[in-house]
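Residue numbering for the sequence shown is 11 to 209, as defined by my numbering. Ideal Cβ placement from N, Cα and C applies to all residues, glycine included. Just so you know, these numbers come straight off a predicted model, no measurement behind them. Just below is one structure, and these are the notes that go with it.
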Amino acid sequence: ADSEKYSVLVIGQVEDDASVLRGAGPVRTNLDLLRAARQARPDAHILWKPHPDVEAGLRKGAVSPDDLNGLVDVSLDNVGALTAIGLADELWTITSTMGFEALIRGTAVTCTGMPFYAGWGLTNDLASAPEHRSPGPELIGLVHATLIGYPRYFDPDTGIPLSPEQAVDYLVRMKGAPVRTTKLTLLQRLMKRTVGLRP
């Protein structure tokens, strides 16, 4: 691949996921997302990252090799999210939270749908924003609202409320711990108790 070419990372999603069903604009499938990105960036180096659950054959959203041909330059199969973001100048998504991860890391983001981080003037939005969203907050304000100001964190072992700093400490400790099914369940419970901005 030409390392000097502008690189666009297109993020695949589970097509029947609630975030797509409720937050998508006219582009509602991974194939349509790829087509839109290629049409808008015809000379770009297009990187395609399918959703892990779709890759595993567990959820809806697969794009056939024949359809990928001509739209995608490189398919990033089994590549981690942060590694993929690091390869791109711009990220295209319907509603994936990977767009938020990319924003935090200074990557340009184009949204064809309206995830929680779109509509504030921080992303290139191809869908109409709800009336209550308008350009204004800086990225640091969105990050604060999303991860610190609005969510409530709880210790999954005790149910005791945690500060954001304590929640981070907990996750760091868990990262180094042996992975056990019970611990994964507890982590899932912890993550389910975090709340983002309203749609």
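Worksheet item: Mind checking whether C121 and A112 have CB atoms under 8 Å apart?
Response: For the purposes of this step, residue 121 is taken as residue 111 along the sequence shown, with counting starting at 1. For the purposes of this step, residue 112 is taken as residue 102 along the sequence shown, with counting starting at 1. In this structure, A112 does not lie closer than 8 Å to C121 by Cβ.
Worksheet item: Cα-Cα, which of A28, L44, E141 is closest to D77?
Response: The residue labelled residue 77 in the question sits at position 67 within the sequence shown. Out of A28, L44, E141, L44 has the C-alpha closest to the C-alpha of D77.
Discussion item. Applying the 10 Å Cβ sphere with the 16-neighbour rule, what's the burial state of A187?
Written reply: The count along the sequence shown starts at 1 and reaches residue 187 at position 177. By the neighbour-count rule (16 or more Cβ atoms within 10 Å), A187 is not buried but exposed.
Item to complete: Could you tell me whether the Cβ atoms of D135 and A118 are closer together than 8 Å?
Response: Counting from one through the sequence shown, the residue named residue 135 turns up at place 125. Counting from one through the sequence shown, the residue named residue 118 turns up at place 108. No, these two residues do not count as a Cβ contact at 8 Å.
Fill in: Whole-angstrom distance between H142 and Y160, CA atom to CA atom
Counted from its first residue, the sequence shown places residue 160 at position 150. Counted from its first residue, the sequence shown places residue 142 at position 132. Distance between the alpha carbons of Y160 and H142: 17 Å.
Practice prompt. Look at V24 and G71 and say whether their C-beta atoms are less than 8 Å apart.
Written response: To locate residue 24, count along the sequence shown from 1; it is residue 14. To locate residue 71, count along the sequence shown from 1; it is residue 61. Contact: yes.
Worksheet entry | Residue from G116, R115, T103 whose Cα sits closest to the Cα of M124 | To locate residue 124, count along the sequence shown from 1; it is residue 114. Among G116, R115, T103, the Cα nearest to that of M124 belongs to T103.
Worksheet item: Using a Cβ-Cβ cut-off of 7 Å (strictly less than) and excluding sequence neighbours within five positions of A177, which residues of its own chain qualify?
Response: In the sequence shown, the residue the question calls residue 177 occupies position 167. Here the set comprises Y163.
Discussion item. Taking the beta carbon of D53 as the centre, do at least 16 other beta carbons fall within 10 Å, making it buried, or is it exposed?
Written reply: In the sequence shown, residue 53 corresponds to position 43, counting from 1. Exposed: under 16 other Cβ atoms inside 10 Å.
Discussion item. Quick check on F126: does DSSP put it in helix, strand or coil?
Written reply: Your numbering for residue 126 matches position 116 in the sequence shown. DSSP places F126 in coil when its eight states are reduced to three.
Practice prompt. Take G109 and list the residues in its own chain whose beta-carbon comes closer than 8 Å to its own, dropping the five residues that flank it on each side.
Written response: Counted from its first residue, the sequence shown places residue 109 at position 99. Result list for G109: I21, L101, T103, V119, C121, P125, Y127, A128, T133, in chain order.
Worksheet item: If we ignore side chains and look at the alpha-carbon of each, how far apart do Y180 and G80 end up?
Response: Here residue 180 refers to the residue found at position 170 of the sequence shown. Here residue 80 refers to the residue found at position 70 of the sequence shown. Their Cα atoms are separated by approximately 45 Å.
Worksheet item: For A11, which residues from the same chain have a beta carbon less than 8 Å from its beta carbon, with the 5 sequence-adjacent residues on both sides left out?
Response: If you number the sequence shown from 1, residue 11 lands on position 1. With a pLDDT of 47 at A11, under the threshold of 50, the predicted position of this residue should be treated as unreliable, and no value is reported.
Worksheet item: DSSP on L172, reduced to helix/strand/coil?
Response: To locate residue 172, count along the sequence shown from 1; it is residue 162. L172: strand per DSSP, three-state reduction.
Fill in: Distance CB(K59)-CB(L86) smaller than 8 Å
As a first step, residue 59 is located in the sequence shown; it is residue number 49 there, counting from the start. As a first step, residue 86 is located in the sequence shown; it is residue number 76 there, counting from the start. Taking 8 Å as the Cβ cut-off, K59 and L86 qualify as a contacting pair.
Worksheet item: On the three-state DSSP scale, how would you describe T55?
Response: Stepping through the sequence shown from its first residue, residue 55 is reached at position 45. Looking at the sequence itself, residue 55 is His, so the reference to Thr does not match. H55 falls in the strand class under three-state DSSP.
Practice prompt. Measure the beta-carbon distance from T105 to S173 and round it to whole angstroms, keeping in mind my assumption that it falls under 8 Å.
Written response: Here residue 105 refers to the residue found at position 95 of the sequence shown. Here residue 173 refers to the residue found at position 163 of the sequence shown. Wrong, their Cβ atoms sit about 29 Å apart, outside the cutoff.
Discussion item. Can you find the residues in the same chain that come closer than 8 Å, C-beta to C-beta, to K15, ignoring five residues on each side of it along the sequence?
Written reply: Against the sequence shown, residue 15 aligns to sequence position 5. So the list reads D53, A54, H55, once near-sequence residues are dropped.
Fill in: Inter-residue spacing [alpha-carbon to alpha-carbon] between Q49 and E65
Position 39 of the sequence shown, counting from 1, holds the residue named residue 49. Position 55 of the sequence shown, counting from 1, holds the residue named residue 65. Between Q49 and E65, the C-alpha separation is close to 25 Å.
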